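A.B. asks: So the protein sequences, as listed, match chains R and A.
Using our numbering, the first residue of the first sequence is number 1, and each one after it goes up by one.
Using our numbering, the first residue of the second sequence is number 1001, and each one after it goes up by one.
Idealized CB from N, CA, C, for every residue including glycine.
None of these values were measured; they are calculated from a predicted model.
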Amino acid sequence: MIVAGIDVGSLTAKCALLKDRELVAYRVIKVSPNLEETAEKVFCETLEKAGIRREEVEKIVATGYGRNKVSFADKKVTEISCHAKGAIFFIPTARTVIDIGGQDSKVISISNGKVAEFVMNDKCAAGTGRFLEVMANALGVKVEELGDIAERAKKATRISSTCTVFAESEVISHLASGEKVEDIVAGIHEAIASRIVAMAQRVRIVPDVVLTGGVAKNKAMKKALEEKIGFEIKIPPEPQIVGAVGAALFALA
Amino acid sequence: MNVGYLCTYTPKELIDGAGFTPVRIFAGDNPISLATAHIQSYACSQARGSFERALKGELDVQAVVFTRCCDTLMRLTDIWERNTDMKVHNLEFPSRIDEKSRNFFIRELEDFVAVLESWGGEITLERVKESLSLYRVLEEKLTRLFEIKPDYEVAIRVQEMNVRDAIKLVDEKLEKAEGSEGRPKVLITGSVCPFVDVYKLFEDAGFALMDDICTGTRFFTFNTPEREIRNMEDVYEYLADKYFNKAPCPTKHFSDDRRFEYILNLAKDCDGVVFLLLKFCEPHFYDYPQLKEKLEEMGKKTLLIELEFPIASYEQLRTRIEAFYEVIE
């Protein structure tokens, strides 16, 4: 049985095709303001990549904040449930999922293979991928480079503002006072990590802890979080598509 | 004349009995700007949003009664008095609910009648008796309606109209009301939420609702049966019993654990409990950790949702509520 999961997030849309619980193809594209079109596009591109015809897909589940705009989906499931399911698929021992997306972050605790509790931050950019983007911009570097830059740091410059806008001013003032870029970048990662951990403490953090979302690709972020949490963090092979895979698994069920 | 009020501990019966219309004031749908000059942004947005509407001239009320329920509303009394042309009265509703404060409250009620008269109201025993019985009818009908299926649009609207019209409206709704059996039931507990779309999100997600919300059942849940009223003293005694024994709110201090027991009892029949709390609402937030713990001991799943008025993003609320439904299902 072939099924598809489509995760329309705030910045990227992901599609995963599963054939009998096996991942056969996936795609990640940028989201355009027309969410319906974006969903259609990511779905078609994934089909093409897999060499599968649309009619062969028996069921489609949509997730992510744009899930209700995916009219061709058979069912909609929130990204909370999908991330939990997807994380267990990749790492069966997962008990806590930390997802850092483009515009929100969430911590999900899993018991008996199901979501037991969750917390979300989506009111502000603090502790999200957006925070990293704004800081990369202020420092004149690419967001993908941040992880490598942080690894060169001798120390972490303290960023005390939680608010993205204030933190940006703080970063600029650190630059003006002669702090090294790599130290500031390390400080930025610590700032996000403390924000996430503060939120995570509202649920029980039990290992294995799995980090998902685009930000999980950043090695320095993983390290900063591990230091604050005190557990090793596991990262699925393709952390960005965990939600889409979870959605596809709901289609199988 | 319309007399505004913000708190469910306001004895509306006396306002109606004086020939005025009690009208509850809610925060509006527009961003708060003018009020920011008078109240800091880390105060509750029900207070700021209500005052914003007053400053913008959106309120058709000529006087406002406050009841000293929380620190913010207590100070709002002074701010309102200084910055609007409305008549303002501060009824000192006691925070501690016991026999000593009951006598104090009765004196406050006597003073309140004098204030209403100074505003041009005419209070006679007959009129107050009529108001008492009309509100009792409204409260009974709303209770019946909510037992079938909560209707938050009606609950909000009746708080903004004359009690006679309110009864007619609830009667119309009662004729058509249908229950929603078979759905998982969620108890929504918290401060005020006059935005009906929020409750709709819960229904859309698949829940049947029960609430302990100041703009929901706490508006009409009282526990004092009808009794014979012979004079104004009886009126005061009755009102003191009625308001001291109403559905309890966390701004009040009881000698027993009344507030927690009330919530835990409501939660018994529910599959999950959602704390729908207004940002910076201290009385509710101070109770939250212990209450959550007790509910979890009962085996109830809980979810905390923080609101700020006007509500900026319903879709983000929708995700949390749907995810909670998936957890419970």
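Going along the chain, which residues of its own chain have a beta-carbon closer than 6 Å to the beta-carbon of glycine 127 of chain R, five neighbours each way excluded?
C.D. replies: Taking glycine 127 of chain R as the centre and dropping the five residues before and after it, the same chain places the C-beta of Ser105, Asn121, Ile192, Arg195 and Ile196 closer than 6 Å to its C-beta, in chain order.
A.B. asks: From the DSSP secondary-structure annotation, give me the bridge partner or partners of valine 1061 of chain A.
C.D. replies: Beta-bridge pairing links valine 1061 of chain A to no other residue.
A.B. asks: Would the region 32-45 of chain R count as touching the region 3-13 of chain R if we require 3 or more Cβ pairs under 8 Å?
C.D. replies: Contact between the region 32-45 of chain R and the region 3-13 of chain R is present: three or more C-beta pairs spanning the two stretches fall below 8 Å.
A.B. asks: Going by DSSP, which residues form a beta bridge with serine 32 of chain R?
C.D. replies: Its beta-bridge partners do not exist; DSSP assigns none.
A.B. asks: Answer with buried or exposed for aspartate 1256 of chain A, where buried requires no fewer than 16 other C-beta atoms within 10 angstroms of its C-beta.
C.D. replies: exposed
A.B. asks: List the DSSP bridge partners of isoleucine 1211 of chain A.
C.D. replies: Per the sequence shown, residue 1211 of chain A should be read as aspartate rather than isoleucine. Aspartate 1211 of chain A pairs with A:Ile1188.
A.B. asks: Straight-line CA distance for leucine 146 of chain R to threonine 157 of chain R?
C.D. replies: 14 Å
A.B. asks: Is the beta carbon of arginine 1218 of chain A less than 9 Å from the beta carbon of threonine 1008 of chain A?
C.D. replies: In this structure, threonine 1008 of chain A lies closer than 9 Å to arginine 1218 of chain A by Cβ.
A.B. asks: Do you know how far the Cα of serine 1033 of chain A is from the Cα of aspartate 1171 of chain A?
C.D. replies: Looking at the two C-alpha atoms, the distance is approximately 39 Å.
A.B. asks: What's the gap between the Cα of valine 1196 of chain A and the Cα of lysine 1149 of chain A?
C.D. replies: Approximately 14 Å, taken between the alpha carbons.
A.B. asks: May I have the straight-line CA-CA distance separating arginine 202 of chain R from glutamate 117 of chain R, to the nearest angstrom?
C.D. replies: 9 Å
A.B. asks: Taking the alpha-carbon positions, what's the serine 1095 of chain A to valine 1158 of chain A distance?
C.D. replies: 27 Å
A.B. asks: I'd like the list of long-range same chain contacts for asparagine 1090 of chain A, defined as Cβ closer than 6 Å, with 5 residues on each side in sequence excluded.
C.D. replies: Phe1066 and Thr1077
A.B. asks: What separation, rounded to the nearest whole angstrom, lies between the Cα atoms of methionine 1086 of chain A and isoleucine 1328 of chain A?
C.D. replies: 48 Å
A.B. asks: Going by beta carbon distance, what residues of the same chain come within less than 6 Å of proline 1310 of chain A, once the five residues before and after it are set aside?
C.D. replies: Close CB contacts of proline 1310 of chain A within its chain, under the 6 Å cut and outside five residues either way in sequence, are with Asp1029 (chain order).
A.B. asks: Under a CB-based cut-off of 9 Å, is isoleucine 80 of chain R close to chain A?
C.D. replies: yes
A.B. asks: Examine chain R for any beta-carbon lying closer than 9 Å to the beta-carbon of arginine 1259 of chain A, and answer yes or no.
C.D. replies: no
A.B. asks: With a cut-off of 9 Å, does the C-beta of lysine 1293 of chain A fall near any C-beta of chain R?
C.D. replies: Checking the displayed sequence, the identity of residue 1293 of chain A turns out to be glutamate instead of lysine. It does not; no Cβ of chain R falls within 9 Å.
A.B. asks: Identify the contact partners of methionine 120 of chain R in chain A, using a Cβ-Cβ distance below 9 Å as the criterion.
C.D. replies: For methionine 120 of chain R, the chain A residues whose C-beta falls within less than 9 Å of its own C-beta are Gln1316, Thr1319, Arg1320 and Ala1323, listed in chain order.
A.B. asks: Nearest chain A C-beta to lysine 75 of chain R closer than 9 Å, yes or no?
C.D. replies: no
A.B. asks: Closer than 8 Å by beta-carbon distance: list the chain R residues that pair up with glutamate 1326 of chain A, in chain order.
C.D. replies: Val77, Thr78, Ile80, Ser81 and Val115
A.B. asks: Please confirm if aspartate 99 of chain R has its CB atom under 9 Å from at least one CB of chain A.
C.D. replies: no
A.B. asks: Work out the CA separation of glycine 1057 of chain A and leucine 1307 of chain A for me, nearest whole Å.
C.D. replies: Roughly 25 Å separates the two Cα atoms.
A.B. asks: Going by other Cβ atoms of all chains shown within 10 Å of its Cβ, with 16 needed for buried, is alanine 1054 of chain A buried or exposed?
C.D. replies: Result: buried.
A.B. asks: Identify whether threonine 1008 of chain A lies in helix, strand or coil by the three-state DSSP scheme.
C.D. replies: coil
A.B. asks: Would you give the residue range spanned by the beta strand (DSSP E) that lysine 1268 of chain A belongs to?
C.D. replies: Looking at the DSSP string, lysine 1268 of chain A is not in any beta strand (DSSP E), and its letter there is neither H nor E.
A.B. asks: What are the uninterrupted segments assigned as beta strand (DSSP E) that are 3 or more residues long and contained completely in the region 1244-1290 of chain A, given in chain order?
C.D. replies: 1272-1278
A.B. asks: Distance, Cα to Cα, alanine 224 of chain R vs arginine 1144 of chain A?
C.D. replies: 56 Å
A.B. asks: Return no unless some Cβ of chain A is closer than 9 Å to the Cβ of aspartate 104 of chain R.
C.D. replies: yes
A.B. asks: Would DSSP call threonine 1221 of chain A helix, strand or coil?
C.D. replies: coil
A.B. asks: Quick one: which chain A residues come within Cβ less than 7 Å of tyrosine 65 of chain R?
C.D. replies: Glu1315 and Thr1319
A.B. asks: Who does methionine 120 of chain R pair with in a DSSP beta bridge?
C.D. replies: R:Lys106
A.B. asks: From arginine 1102 of chain A to alanine 1027 of chain A, what does the alpha carbon distance come to, in whole angstroms?
C.D. replies: 31 Å
A.B. asks: Does chain R have any CB closer than 9 Å to the CB of lysine 1300 of chain A?
C.D. replies: Among the CB atoms of chain R, none fall inside 9 Å of the CB of lysine 1300 of chain A.
A.B. asks: Any idea what DSSP makes of threonine 1067 of chain A, helix, strand or coil?
C.D. replies: coil
A.B. asks: Taking only the alpha-carbon atoms, compute the straight-line gap between alanine 1205 of chain A and lysine 85 of chain R and give it to the nearest angstrom.
C.D. replies: CA-to-CA, the gap between alanine 1205 of chain A and lysine 85 of chain R works out to about 20 Å.
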